[in-house]
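If you're matching positions, the sequence shown starts at 1 in the working numbering and goes up one per residue.
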Amino acid sequence: MIDLHSHTTASDGQHSPAELLSLAASAGVTALAVTDHDTVAGLAEAAEAARAHGVELVPGIEVSAFVLKKEVHILGHFVRPDFPELARFSERLRVEREQRMERMVEQMRKLGFPVRMEEVRAIAGSAQLGRPHLARLLVEKGWCLDVKAAFDRFLGAGKPAWTDRFKLEGRDAIRLIHRAGGTATLAHPGSSKLERYDILQLAREGLDGLEALHTDHNPSVREKYLRFAKDFDLVTTGGSDFHGEQVTPGRRPGDSTTPPENFEKLRARAASTRA
């Protein structure tokens, strides 16, 4: 099984890179992409654990960006973790995420929920701060039933505690990933409510793949994006988008996978990018 989308404690996942690789191996995953949000900090530990478990690690990242004013997430696969520009990008986003979280905590306090930055940091640990960390705090305090409810009620776009974020254009995310030697794949287009024209814009900017086989996509949604992938010559990928039981209950590594022939197509595109 080839799972090209997962997260660790380096961003908003529940499990350390080593724990994630252990879970993936136990589930029968043979190749796993670790794609933390806006950081490659977990890849060194993941690589060591992957060797120990006999799993192929695909070094990756998930970059948040925008196309036509819509937020999109672009997965980088086969990136070079030591590429200096990735480190600079991650540091810029770390600072931005810290500032954004301070604004969201203040919004929650104005709404009458006395959360503190120290509590959010305690949940995040050394990870880049993200909304799921605040969501988990709201669940721990009993103010929300689960992480999804926290997003639906407070933290999603347009909700009472939402604050705007740094906007990286999709074309710039694709170029960054390509410069780092990787391939750029549009993550969970159905969950992001993206349509044909949105994907066309990114395809024109050099997008390599489309995650049509995401865990959250039902059969009809999958078919829709499989058609778009064919129309725009994009490699179809699949991934579980596993974060851990506390963040995405009921989801496991390998719940959605990439066909081996597509994995090799993506690998070939990465080799071409580096050439």
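C-beta atoms are modelled at their ideal positions from N, C-alpha and C, and glycine is treated no differently.
| Item | Value |
| --- | --- |
| Distance, His15 Cα to Gly250 Cα | 15 Å |
| Where His214 falls: helix, strand or coil (DSSP) | strand |
| Span of the beta strand (DSSP E), counted from its first residue to its last, around Pro59 | 56-67 |
| Rounded C-alpha distance that separates Gln246 from Arg252 | 12 Å |
| Buried or exposed by the 16-neighbour rule on C-beta atoms within 10 Å, applied to Lys265 | buried |
| Three-way DSSP call (helix, strand, coil) for Glu195 in this model | coil |
| Three-pair Cβ contact test at 8 Å for the segment 35-51 versus the segment 72-82 | yes |
| Whether Gly209 touches Leu234 by CB criterion (8 Å) | yes |
| Sheet register partners of Gly182 (DSSP bridge) | Paired residue(s): none; Gly182 is not in a bridge. |
| Beta-carbon spacing of Leu32, Asp3 below 8 Å | yes |
| Pick from Arg222, Glu169, Gly190 that is closest to Val67, judged by C-alpha positions | Glu169 |
| Extent of the continuous alpha helix (DSSP H) run through Glu48 | 43-53 |
| Stretch pair the segment 58-78 + the segment 107-120: three plus CB contacts closer than 8 Å | no |
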